[in-house]
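Okay, so here's the structure we're looking at.
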Amino acid sequence: MEIPGLMESFPFALGSGNKPVPKEQRRKVAQQEAIKGVKWHSRFHFEHAWAEEEMCHDLVKKTWGMGTKSTTAGQLKDQLKKCDTLNNHFHKEDVPWILGIPIDIHSEDMLIWPFTKDGNYIVKSGYRVAREMNLTPTRSSNMDQTHAWWKMWWGLNLPPRMKLFGWKMCRNWLPAKTNLVHRGMKINSICTNCGRFDETLSHALWNCEKVKKVWKLMPSYNIIKDSRGNSMMDLLVEFKHKLVKEEFEDVVKVLWAIWENRNRQWTNQHTMNGARLLEWVFNSYPREIHGQENMAKIHPAAETDQWQTPSVGTYCVHCDAALKPNQEGVGLGYVWQDWKGNIISAGMKYQPIFCNVKVAEAKAVAAALNDKPKNIHHPFEIRTDSKQLMEAIVHNGNSLDDMKPVVNQIKRHPDFAHCTKFNHVKRTHNLGAHSLAKRSLDNKSTHSFYYSFPDWLTNVCKVNLSQSL
Numbered sequence: 001m002e003i004p005g006l007m008e009s010f011p012f013a014l015g016s017g018n019k020p021v022p023k024e025q026r027r028k029v030a031q032q033e034a035i036k037g038v039k040w041h042s043r044f045h046f047e048h049a050w051a052e053e054e055m056c057h058d059l060v061k062k063t064w065g066m067g068t069k070s071t072t073a074g075q076l077k078d079q080l081k082k083c084d085t086l087n088n089h090f091h092k093e094d095v096p097w098i099l100g101i102p103i104d105i106h107s108e109d110m111l112i113w114p115f116t117k118d119g120n121y122i123v124k125s126g127y128r129v130a131r132e133m134n135l136t137p138t139r140s141s142n143m144d145q146t147h148a149w150w151k152m153w154w155g156l157n158l159p160p161r162m163k164l165f166g167w168k169m170c171r172n173w174l175p176a177k178t179n180l181v182h183r184g185m186k187i188n189s190i191c192t193n194c195g196r197f198d199e200t201l202s203h204a205l206w207n208c209e210k211v212k213k214v215w216k217l218m219p220s221y222n223i224i225k226d227s228r229g230n231s232m233m234d235l236l237v238e239f240k241h242k243l244v245k246e247e248f249e250d251v252v253k254v255l256w257a258i259w260e261n262r263n264r265q266w267t268n269q270h271t272m273n274g275a276r277l278l279e280w281v282f283n284s285y286p287r288e289i290h291g292q293e294n295m296a297k298i299h300p301a302a303e304t305d306q307w308q309t310p311s312v313g314t315y316c317v318h319c320d321a322a323l324k325p326n327q328e329g330v331g332l333g334y335v336w337q338d339w340k341g342n343i344i345s346a347g348m349k350y351q352p353i354f355c356n357v358k359v360a361e362a363k364a365v366a367a368a369l370n371d372k373p374k375n376i377h378h379p380f381e382i383r384t385d386s387k388q389l390m391e392a393i394v395h396n397g398n399s400l401d402d403m404k405p406v407v408n409q410i411k412r413h414p415d416f417a418h419c420t421k422f423n424h425v426k427r428t429h430n431l432g433a434h435s436l437a438k439r440s441l442d443n444k445s446t447h448s449f450y451y452s453f454p455d456w457l458t459n460v461c462k463v464n465l466s467q468s469l
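Counting from 1, one number per residue, gives the positions in the sequence shown under UniProt numbering.
As structure tokens, this is what we get:
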């Protein structure tokens, strides 16, 4: 006999007679999903778990219709023993416990409110559920998910003003034009930016074609560009599912910046275009690694006259850049090594651009992080011969510095969270990365080395290693 969904919905809580069943045994087959809405108490009554009403009736109907008449609960159990459905869907040792569930077909049905511990309805609980149904109808059946969401939200590494903005955004409490019209204001609800659609909150922050120009400048846009939702809460849940924590925090920052820009336009103040808006928000609120309390872990090491081997279990990457003043072209070089000095990978990258030395050095570090070997899952150190870059990373530097956007790009990189030190080293201890950068500039070439390395590179790295011994 096949009963659709029986394995997922058939509960299991008490044993036969007076013998209790351990909780871990009950949980093996107990229903895991939250009860959806108000339900009638089923004839199959268990300890805080019951099957869907239709499933219970279906099971009773089919077992009672197997050719004999059963008039008592005991006879119904006997019919269940002959039902192959239990053996097909449950472990053999669990079937006796399921058959031992007491069945009372004579008790009156009663209403159970699943959102309180005792099953009794209270106005406070009803109000909370109604609010969640209005805000997040697709998730209102599981209050635990809602609680987990807000716990995650208030734990984000964001300024309080952005967290409060996001809280209002999730609840649709921000004064978008449609919300103002709904509250009785007689205004034109058409979006000021595009002039085509009503300005709902999701339109103002995500769907508007003018706003899309800002989002397309974000590195994570390709991951979330297909996201759809009826509300900002739906969109945020989808963003959180697709992005890592740091990327999700950056998305919230951009949402806040777009809303601030929109408010400036509303009050006829100066507004910023897409690139300028992103530069402003990320320079004003750069990503912090592990919170402020852990920033002290990223510190420069004392300079010595020899190459410093990293601690056991820690990798290191040497980075450098090469350029010719007032000429187009920048060569970037980097070498990944383990704590024994063995080369793991290396790379050189040519970029046909103009920039100063500070920006080029920062770009070398960013390129090294983007090409980090996938088999490295340990902490690592970053080493550069640019003292200005080290100061900008460790001590945040000047927010108006021209290399600040690249510095923020480095800090926002997911792998930067595993960086334990950002060291300034002498050029003589950075020859491998410098040689790669110079060759890249001279030959205008881009190449990565993973399994075999040129002799000149291994010889240079051996010299550095020998100086440390």
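Beta carbons: idealized from backbone N, C-alpha and C, even for Gly.
- With respect to D415, L369 sits close: the two C-beta atoms are nearer than 8 angstroms.
- The three-state reading of DSSP puts T314 in coil, since its state is none of H, G, I, E or B.
- The stretch 368-388 makes contact with the stretch 327-336, as at least three CB pairs between them are under 8 angstroms.
- Excluding residues up to 5 positions away in sequence, L235 lie with their Cβ nearer than 7 angstroms to the Cβ of W206 in the same chain.
- When DSSP states are grouped into helix, strand and coil, T178 belongs to the helix group.
- If you draw a 10 Å sphere on the C-beta of H147, you find fewer than 16 other C-beta atoms in it, and that means exposed.
- Annotated three-state conformation of M218 is coil, per DSSP.
- Beta-bridge annotation (DSSP): V330 is paired with L323, Q351.
- Distance from the CA atom of F453 to the CA atom of H434, rounded to whole angstroms, is 15 angstroms.
- For E249, the closest C-alpha among the options K186, M152, T271, A321 is that of M152.
- The three-state reading of DSSP puts W336 in strand, counting E and B together.
- The beta carbon of A176 is closer than 7 angstroms to those of E199, T200, L201, A204 in its chain, skipping five residues each way along the sequence.
- Counting of Cβ neighbours within 10 angstroms places P310 among the buried residues, the total reaching 16 or more.
- In the DSSP assignment, C419 falls within the unbroken beta strand (DSSP E) covering 419-424.
- For E381, the uninterrupted beta strand (DSSP E) run begins and ends at 380-384, by DSSP.
- The DSSP-derived three-state label of F282 is helix.
- If you look at F449, you'll find it isn't in any alpha helix (DSSP H); it sits in the beta strand (DSSP E) that goes 447-449.
- Residues of the same chain with a CB within less than 8 angstroms of the CB of F282, apart from the 5 flanking positions on each side, are D250, K253, P405, N408, R412 in chain order.
- Contact check for T446 and K349: beta-carbon distance about 5 angstroms, within the 8 angstroms limit, so the pair qualifies.
- Taking a C-beta distance under 8 angstroms as the contact criterion, M233 and C194 do not qualify as a contact pair.
- Scanning N120, P373, E93 for the CA closest to the CA of F449 turns up P373.
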